[in-house]
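Following: one structure in structure tokens, then a few remarks.
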Amino acid sequence: MNAANHVRPQSEATATNILVIEDQRDLAGGLRANLEVEGYEVDVAYTGAEGLRKAGASRPALVILDLMLPDIEGYDVLARLRRDGLDMPVLILTARGQEVDKVRGFRLGADDYVTKPFGVMELLVRIEAILRRTARPAARRVGDIEIDEADHRVRRGGRDVALTPKAFELLLALMRKGGRVASRVELLRDVWGYSSAVTTRTVDAHVAELRRKLERDASRPQHIVTVWKVGYRLVP
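Position one of the sequence shown corresponds to residue 127 (the numbering used here), numbered consecutively onward.
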């Protein structure tokens, strides 16, 4: 196996850890070598029990799982991962290529299924596709304000800030404008689903809440700025 002509830029693979659960040491070593060339961090487990332990401890970005392991069948490893709340993507890599095997794997929660023998290039592309599909949205930042869409958390200066659900959605809508002005009409539509004919102070009330919790001085806001007779914008 050789992926020398398919090297990804190192920055794309930073801190992406892959766990390979495979009892054939030559194959596991080849997988590790090719994945490391691609910039991934790779750990290997040679038994199902070892794989479960390492998956729970390191929470890898992806698990490559063989079905025919010496102690625990790969299907059982997958089932235990899901039962234990470990939802990282799993790619099954096995010689068992019957349709019934694939269906069982997908029903247990596998994200992809590759049969041996396999081409390294295809495997690498499938891994990249899985990681793209399952990637968490990057945290958005404006100044010292950070909003994590995946966890619905807001931090200011590294400290968590409790917001109501609508205030969170409003802050996210302002951040998505990238510093451009968001009119009250847009915000009413995008956050509350109101039509442009509605007259309400809802936006202003929630902006006031955001300012109280995120500005150093709510009376002189530096981040959530009013654009007179138009709306609001978020500035660093």
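Built from N, CA and C at the ideal position, the CB exists for glycine as well.
If you're wondering where the values come from, they're calculated on a predicted model, not measured in any experiment.
Proximity to Gly177 across Ile147, Thr220 and Leu157 peaks at Ile147, based on C-alpha coordinates. Secondary structure at Val356: coil, using DSSP grouped into helix, strand and coil. For Arg206, no beta strand (DSSP E) encloses it; the enclosing alpha helix (DSSP H) starts and ends at Gly200 to Arg209. DSSP, read as helix, strand or coil, puts Arg222 in coil. A contact between stretches requires three or more CB pairs, one per stretch, nearer than 8 Å, and the stretch 145 to 159 meets this requirement with the stretch 190 to 197. Pairing Ala236 with Arg206, the inter-Cα distance amounts to about 12 Å.
A direct Cα-to-Cα measurement between Val240 and Ala183 gives close to 26 Å.
Positions of the alpha helix (DSSP H) runs, each at least 4 residues long and wholly inside the stretch 266 to 346, are given as 291 to 302, 310 to 313 and 328 to 340 in order along the chain. Under the DSSP assignment, Asp197 falls outside any beta strand (DSSP E); it carries neither an H nor an E label. Annotated three-state conformation of Leu212 is coil, per DSSP.
A contact between stretches requires three or more CB pairs, one per stretch, nearer than 8 Å, and the stretch 272 to 281 fails this requirement with the stretch 305 to 319.
Taking C-beta separations shorter than 8 Å and ignoring five residues to either side along the sequence, the partners of Leu234 in its chain run Tyr201, Leu204, Ala205 and Arg208, following chain order.
In the three-state scheme derived from DSSP, where H, G and I count as helix and E and B as strand, Ala255 is classed as helix. Rounded to the nearest angstrom, the gap between the Cα atoms of Tyr320 and Arg327 is 12 Å. Taking C-alpha positions only, Arg179 is separated from Met214 by approximately 14 Å.
One Cα belongs to Lys303, the other to Asp169, and the distance between them is close to 40 Å. At least 8 Å separates the beta-carbon of Ala221 from that of Ile198.
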